[in-house]
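*Asks:* What follows is a single structure, and I will ask about it in a moment.
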């Protein structure tokens, strides 16, 4: 069952990558969508983790995906509108972009680490209990996602 | 699912996710893959656009710099080539001048040798010796056909010999009247054939005029010294030495063909 989302992701990617459809090649716009994609990745990983911790909620997950993506792009846009930038001229860098990258990056790494741990524990529990596949590891408060 | 979870909220969430979590996760993952693909495509386009558009001035600048460097190299090469050309031209001029001087020297040497060999007409100061038969020579008679008082071949030979000893540079003998003078050279023969004198195979007759180019005083004094050649011959026939400021001597016409001799 866990392979279905992965297959869907690969299918969506292939559908839009190889057919050549995409956003307009607008450099300014591509910055925000990049952050949105990063936020989406974080949400997907968080959802997988929530599923493994029996903490999954459809509505929260789906709304979280779009809301996080939009909010991430929007916050970066807001930061640039407010002039939260360092550097001068063509070399200037959006500080809000850095903040978003750092936050989502750390969240993604956290989610990946939790997923790895959960999968290993699940696999161990399954091997120990033989045919009982549905046994889930205990919920860990310290790895709980947002 | 796990029935040991007692909380109802947890139970409801668990039950709701048991049926639809795959669907929602699949849908979101599909959308996410879509976004990812679109983002990557857009970024590729942005990069391509940046390369072609934004970096165009930089590219042009680089090209300009390269062209400038090339130009500098070519200019340096041209200067080097120009220097080489100048050096070669100078060398050529030097060689040409050298060959000119050499050929001029050779020309000069050839002219000098021609003058020495008597192959050119020359002019210069000198003396003219006139020797005529004694007016009464025919009356005197002689023995064995030998007549005193007339000019003999050996008389001319003696005078020529004296002139050479005195340092004459060029000698020519002229016969009677307007007969052209003939140069005395290394190969000239002065000999008597019957009643006439042959000089250079040309028949000449008295009175003879011997032209000698050289220092007039030296030549005259050498000829006229006491008991000298003039003194001796003047007892036999009239002989006269006259100094001249400018004598003109013709070129020698008898140049022998060198058949036996080779340059050693």
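Protein chains in written order, with my numbering: chain H, 598 to 743; chain Z, 115 to 378.
For each residue, glycine too, the CB sits at the ideal point set by N, CA and C.
Computed from a prediction, not measured in an experiment: that's the story for all the values here.
1) With DSSP as the reference, identify every bridge partner of residue 242(Z), one or two as the case may be.
2) With a cut-off of 8 Å, does the C-beta of residue 743(H) fall near any C-beta of chain Z?
3) Using 8 Å as the limit for Cβ to Cβ distance, is residue 660(H) near chain Z?
4) Any beta carbon from chain H within less than 8 Å of residue 157(Z)'s own beta carbon?
5) When you compare only the Cα positions, how much space is there between residue 341(Z) and residue 265(Z)?
6) Run through chain H and tell me which residues come within less than 7 Å of residue 390(Z), C-beta to C-beta.
7) What separation, rounded to the nearest whole angstrom, lies between the Cα atoms of residue 648(H) and residue 135(Z)?
8) So who's on the other strand from residue 305(Z), going by DSSP bridges?
9) Using a Cβ cut-off of 8 Å, pull out every chain Z residue sitting near residue 630(H), in sequence order please.
10) Going by DSSP in three states, residue 216(Z) sits in which element: helix, strand or coil?
11) Check whether the Cβ of residue 174(Z) lies closer than 8 Å to any Cβ atom in chain H.
12) Go ahead and pull the three-state DSSP assignment for residue 695(H).
13) Verify the CB distance criterion: does residue 166(Z) have a CB-CB separation below 8 Å to chain H?
14) Taking Cβ-Cβ distances shorter than 7 Å, what residues in chain Z pair up with residue 695(H)?
15) Could you confirm whether any beta carbon from chain Z is found closer than 8 Å to the beta carbon of residue 608(H)?
16) Quick check on DSSP: helix, strand or coil for residue 361(Z)?
17) Taking the alpha carbon of residue 369(Z) as the reference point, which residue from 356(Z), 344(Z), 242(Z), 233(Z) has its own alpha carbon closest?
18) Looking only at C-alpha atoms, which of 331(Z), 338(Z), 285(Z), 330(Z) sits nearest to residue 381(Z)?
*Replies:* Quick look at the numbers:
1) 325(Z), 356(Z)
2) Note that residue 743(H) scores a pLDDT of 44, beneath 50, so its modelled location is shaky and nothing firm can be said.
3) no
4) yes
5) 19 Å
6) Given that chain Z is displayed from residue 115 to residue 378, the structure contains no residue 390(Z) and the question cannot be resolved.
7) 8 Å
8) 312(Z)
9) 149, 152, 153, 156
10) helix
11) no
12) helix
13) no
14) Going along chain Z, no residue has its Cβ under 7 Å from residue 695(H), so there is no contact; the nearest lies around 18 Å.
15) yes
16) strand
17) 233(Z)
18) Residue coverage of chain Z in this structure runs from 115 to 378, which leaves residue 381(Z) outside it and unanswerable.
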